[in-house]
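Single-structure report; data block below.
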Amino acid sequence: MNHFWQVDFPALLAAGLASGLCALLGNFLVLRRESLLGDAIAHAVLPGIVGGFLLAGALASPAMLAGALAAALVAAGAIQLVRRLGRIEPGAAMGAVFTVMFAAGVFMLEQAAGRNLHIDADCVLYGQLEDILWLDAPDIGALPREVWTLAGVFAVAAAAVFLLAKEIRLAVFDPAFAAALGFRPGLVHLGVVLFVAAASIASFEAVGSILVIAMLICPPAAARLMTDDYRTQILLSVALGIGSAFAGYGLAGFAPALLGASWSLNAAGCIAAVSGAIVAAGALFGPRRHSVAAGAPSLGRT
Amino acid sequence: MTADTSAASPFEASGLTVAWGGRPVLWNVDLRLPARGLAAVVGPNGAGKSTLFKAALGLAPVLTGQVRLLGEPVARVRRRIAYMPQRNSVDWDFPVSARDVTAMGLYGRVGWFRRLRRRDLEAADAALDRVGLGNYRHRQIGQLSGGQQQRVFLARALAQQAELLLLDEPFSGIDTASEAAILDVLGELEGEGRHIVCIHHDLRTVAAYFDHATVLNAVVMASGPPAEALAEDTLRRAYDASGLKPRALAAE
Numbered sequence: 277m278n279h280f281w282q283v284d285f286p287a288l289l290a291a292g293l294a295s296g297l298c299a300l301l302g303n304f305l306v307l308r309r310e311s312l313l314g315d316a317i318a319h320a321v322l323p324g325i326v327g328g329f330l331l332a333g334a335l336a337s338p339a340m341l342a343g344a345l346a347a348a349l350v351a352a353g354a355i356q357l358v359r360r361l362g363r364i365e366p367g368a369a370m371g372a373v374f375t376v377m378f379a380a381g382v383f384m385l386e387q388a389a390g391r392n393l394h395i396d397a398d399c400v401l402y403g404q405l406e407d408i409l410w411l412d413a414p415d416i417g418a419l420p421r422e423v424w425t426l427a428g429v430f431a432v433a434a435a436a437v438f439l440l441a442k443e444i445r446l447a448v449f450d451p452a453f454a455a456a457l458g459f460r461p462g463l464v465h466l467g468v469v470l471f472v473a474a475a476s477i478a479s480f481e482a483v484g485s486i487l488v489i490a491m492l493i494c495p496p497a498a499a500r501l502m503t504d505d506y507r508t509q510i511l512l513s514v515a516l517g518i519g520s521a522f523a524g525y526g527l528a529g530f531a532p533a534l535l536g537a538s539w540s541l542n543a544a545g546c547i548a549a550v551s552g553a554i555v556a557a558g559a560l561f562g563p564r565r566h567s568v569a570a571g572a573p574s575l576g577r578t
Numbered sequence: 098m099t100a101d102t103s104a105a106s107p108f109e110a111s112g113l114t115v116a117w118g119g120r121p122v123l124w125n126v127d128l129r130l131p132a133r134g135l136a137a138v139v140g141p142n143g144a145g146k147s148t149l150f151k152a153a154l155g156l157a158p159v160l161t162g163q164v165r166l167l168g169e170p171v172a173r174v175r176r177r178i179a180y181m182p183q184r185n186s187v188d189w190d191f192p193v194s195a196r197d198v199t200a201m202g203l204y205g206r207v208g209w210f211r212r213l214r215r216r217d218l219e220a221a222d223a224a225l226d227r228v229g230l231g232n233y234r235h236r237q238i239g240q241l242s243g244g245q246q247q248r249v250f251l252a253r254a255l256a257q258q259a260e261l262l263l264l265d266e267p268f269s270g271i272d273t274a275s276e277a278a279i280l281d282v283l284g285e286l287e288g289e290g291r292h293i294v295c296i297h298h299d300l301r302t303v304a305a306y307f308d309h310a311t312v313l314n315a316v317v318m319a320s321g322p323p324a325e326a327l328a329e330d331t332l333r334r335a336y337d338a339s340g341l342k343p344r345a346l347a348a349e
């Protein structure tokens with residue numbers, strides 16, 4: 277039991293918080309039909325994270341958060357610029373910007389590794405869920421720093437989504453009408469970008485950027501196949517995100533043992549796989565799959 | 098509210114020039130719509146009709162000139178104006194009901210951070226009743242026909258209780274029942290002294306539906322009673338410039 281509280285509990289907590297946070301924010305990307313933007317931001321923050329790390333010399337410093345937010349803003353601005361100047365479709369603009377920024381981040385990582393600093397590409401991509409420990413188990417204050425960071429970002433994001441529920445819904449559904457009423461849909465969108473960037477940096481250390489991208493998209497996409505109610509959509513996607521985290525972690529921990537195998541599974545990878553399986557189940561059995569398919573051809577924005 | 102507001106023009110553009118991406122879409126537009134009657138703005142695709150509304154609402158980059166709505170700059174009268182964007186400007190697969198969308202018309206009055214109250218939902222339901230969709234209030238908007246979707250947008254504008262309604266193609270791609278329902282409501286609103294301006298695409302119905310017509314193709318080519326504004330040579334100039342034939346002429 278002690279092993280559970282010291283090893284499994286903090287990892288489950290971190291994975292559940294990260295997955296629930298990303299699933300919450302991902303709704304506003306999926307509903308805007310800009311799912312790729314989550315992918316773009318999660319990659320584009322890398323040079324900001326590494327830059328902040330190189331400047332401050334430590335993981336999880338305010339410098340890294342500031343760097344990630346700045347990188348997200350640069351990415352969002354650059355995507356708009358490429359769209360306008362290059363007159364190319366949004367997906368291509370996002371793809372061009374985030375791959376270049378991610379490459380710059382990898383280059384900076386190599387430089388950092390050359391200086392023997394503790395940060396590497398594996399850590400960024402897959403996270404270090406297994407390294408999140410609560411050694412002084414009953415002591416709440418001794419919970420790992422990653423858990424506190426995630427809980428803080430989750431609380432702020434959830435409060436913002438609750439307080440601005442109708443403004444966000446309006447801005448995501450009909451930005452032109454929102455602007456005509458005097459609300460600021462551009463600010464809402466900018467807020468979503470910044471929160472996704474903050475969620476990326478809060479999560480990457482624990483679960484890695486691959487899982488961040490999966491959780492931004494899979495739970496909201498799965499919920500989209502299961503409900504037509506806005507509030508249910510958001511609550512359900514958060515529940516599916518947290519559920520994926522628990523199920524995936526359990527799968528990684530117990531499946532090899534049940535099979536009598538000696539190898540182990542990467543927890544973050546299992547969580548992402550479970551969320552993908554939920555989307556597949558939604559596509560096959562979700563109550564809304566027919567209407568989504570029927571509505572698909574007329575969905576383009578003009 | 099009839100006599101005092103009808104003196105000023107509800108929609109007045111002067112020297113308005115708007116450009117998207119370096120290309121001028123509206124060029125030195127001077128337009129003064131009358132206080133009474135249903136007004137239509139017609140013109141070929143890409144003539145800048147939607148841009149005229151967006152510029153009036155402060156949603157398009159205005160290079161020169163200005164628009165006054167209800168005699169005021171738009172920033173001072175936002176709450177008194179209802180804007181209905183084109184139907185294809187939103188994602189109808191979005192997880193909201195007809196009532197949810199209609200209630201969005203009340204968001205401006207409810208204000209930032211506040212939640213909708215019971216009487217807001219009742220006002221939304223009343224607006225839906227008025228466009229004949231009272232029985233569809235819980236229907237997800239993607240499950241409605243095109244005409245019903247257009248009527249939901251109109252209900253949202255009704256819920257705003259606005260004095261000026263700017264409707265972008267309310268009759269586009271809808272069934273005859275919806276067309277009649279929308280026309281009835283617009284007639285009632287006009288009778289209440291509200292000002293209505295519609296972007297309209299079907300030249301054959303302009304004279305039947307509207308009391309005033311403006312032919313636009315980057316510049317104002319004519320503005321007045323439909324019989325005068327839609328003179329054949331005006332339409333030829335407006336539509337031939339863009340390489341298109343007006344439908345009314347093509348039908349002849």
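These protein sequences, in sequence, are chains A and B. For the numbering used here, add 276 to where a residue sits in the first sequence, where the first one is 1. For the numbering used here, add 97 to where a residue sits in the second sequence, where the first one is 1. Ideal Cβ placement from N, Cα and C applies to all residues, glycine included.
Cα-Cα separation between E310 of chain A and M370 of chain A, rounded to whole angstroms: By one-based count along the first sequence, residue 310 of chain A stands at place 34. By one-based count along the first sequence, residue 370 of chain A stands at place 94. Spanning the two alpha carbons is a distance of roughly 10 angstroms.
Straight-line gap, L154 of chain B to L457 of chain A (C-alpha atoms, nearest Å): For the purposes of this step, residue 154 of chain B is taken as the residue at position 57 of the second sequence. For the purposes of this step, residue 457 of chain A is taken as the residue at position 181 of the first sequence. Note on geometry: alpha-carbon atoms of L154 of chain B and L457 of chain A lie some 9 angstroms from one another.
Whose C-beta lies closer than 6 angstroms to the C-beta of Q257 of chain B among residues of the same chain, with five residues either side of it excluded? Residue 257 of chain B sits at position 160 when you count from the first residue of the second sequence. A179 and G202.
Tell me P170 of chain B's beta-bridge partners as DSSP assigns them. Taking the first residue of the second sequence as 1, we reach residue 170 of chain B at position 73. Listed as beta-bridge partners of P170 of chain B by DSSP are B:R165.
Distance, Cα to Cα, G327 of chain A vs L516 of chain A? Reading the first sequence from its first residue, position 51 is the one you call residue 327 of chain A. Reading the first sequence from its first residue, position 240 is the one you call residue 516 of chain A. Using only the alpha carbons, I get a separation of about 34 angstroms.
Could you please give me the residues that DSSP links to Q356 of chain A through a beta bridge? For the purposes of this step, residue 356 of chain A is taken as residue 80 along the first sequence, with counting starting at 1. Partner(s): none; Q356 of chain A has no beta bridge.
Assign D127 of chain B to one of three DSSP states: helix, strand, or coil. On the second sequence, position 30 is the one that residue 127 of chain B refers to. Strand at D127 of chain B.
Extent of the continuous beta strand (DSSP E) to which D222 of chain B belongs: Counting from 1 along the second sequence, the entry for residue 222 of chain B is found at position 125. Not the beta strand (DSSP E): D222 of chain B falls in the alpha helix (DSSP H), residues R215 to R227.
Determine whether the Cβ of M201 of chain B lies closer than 9 angstroms to any Cβ atom of chain A. Translated into the one-based positions of the second sequence, residue 201 of chain B becomes position 104. Output row for M201 of chain B: interface = yes.
Suppose only complete runs of 3+ residues qualify. What are the beta strand (DSSP E) ranges in the segment 242 to 309 of chain B, listed by chain order? If we require 3 residues or more, the beta strand (DSSP E) runs fully inside the segment 242 to 309 of chain B come out as 261 to 265 and 292 to 296.
Using 10 angstroms around the beta-carbon of D101 of chain B, count the other beta-carbons present and answer buried if the total reaches 16, otherwise exposed. The sequence position of residue 101 of chain B within the second sequence is 4, counting from 1. For D101 of chain B, the predicted model reports a pLDDT of 45, less than 50, meaning its position is unreliable; a value from the coordinates is still stated below. Exposed: under 16 other Cβ atoms inside 10 Å.
Taking C-beta pairs closer than 9 angstroms, name the residues in chain B that E443 of chain A reaches, listed in chain order. Here the question's residue 443 of chain A lines up with position 167 in the first sequence. Neighbours of E443 of chain A across chain B, judged by C-beta separation under 9 angstroms: Y204, W209 and F210.
For the beta strand (DSSP E) containing G321 of chain B, name the first residue and the last one. On the second sequence, residue 321 of chain B is found 224 positions in, with the first residue counted as 1. Start and end: V316 to G321.
Across the segment 278 to 290 of chain A and the segment 431 to 444 of chain A, are there enough close Cβ pairs to call them in contact, namely three or more that are closer than 8 angstroms? No, they do not touch.
Can you tell which of B:D265, B:H292, B:L251 and B:L262 has the C-alpha that lies nearest to the C-alpha of I279 of chain B? In the second sequence, counting from the first residue as 1, residue 279 of chain B sits at position 182. Among B:D265, B:H292, B:L251 and B:L262, the Cα nearest to that of I279 of chain B belongs to B:L251.
Suppose contacts are defined by Cβ-Cβ distances below 9 angstroms. Is F210 of chain B in contact with Y506 of chain A by that definition? As a working mapping, residue 210 of chain B is identified with position 113 in the second sequence. As a working mapping, residue 506 of chain A is identified with position 230 in the first sequence. No, they are not a contact pair.
Under the DSSP definition of a beta bridge, which residues are partnered with F108 of chain B? Residue numbering aside, residue 108 of chain B sits at position 11 when the second sequence is read from its first letter. In the DSSP assignment, F108 of chain B is bridged to B:L130 and B:L166.
So which residues of chain A does L213 of chain B contact, with C-beta pairs closer than 9 angstroms? To locate residue 213 of chain B, count along the second sequence from 1; it is residue 116. For L213 of chain B, the residues of chain A that pass the 9 angstroms Cβ criterion are K442, in the order they occur in the chain.
DSSP on I444 of chain A, reduced to helix/strand/coil? By 1-based counting over the first sequence, the position of residue 444 of chain A is 168. Look at I444 of chain A here: in three-state DSSP terms it is helix.
Decide if the segment 118 to 129 of chain B is in contact with the segment 522 to 541 of chain A; the criterion is three or more beta carbon pairs, one per stretch, under 8 angstroms apart. Note that the segment 118 to 129 of chain B does not touch the segment 522 to 541 of chain A; fewer than 3 beta-carbon pairs, one per stretch, sit closer than 8 angstroms.
Determine the chain A residues that contact L156 of chain B at a beta-carbon separation under 7 angstroms, and present them in chain order. Translated into positions along the second sequence, residue 156 of chain B becomes position 59. Neighbourhood of L156 of chain B in chain A, by CB distance below 7 angstroms: A452, A455 and A456, in chain order.
Rounded distance between the beta-carbons of A490 of chain A and A548 of chain A, thought under 8 angstroms: In the first sequence, counting from the first residue as 1, residue 548 of chain A sits at position 272. In the first sequence, counting from the first residue as 1, residue 490 of chain A sits at position 214. Right, the Cβ-Cβ distance comes to about 4 angstroms (below 8 angstroms), so this counts as a contact.
Cα-Cα separation between F459 of chain A and G467 of chain A, rounded to whole angstroms: In the first sequence, counting from the first residue as 1, residue 459 of chain A sits at position 183. In the first sequence, counting from the first residue as 1, residue 467 of chain A sits at position 191. Distance between the alpha carbons of F459 of chain A and G467 of chain A is about 14 angstroms.
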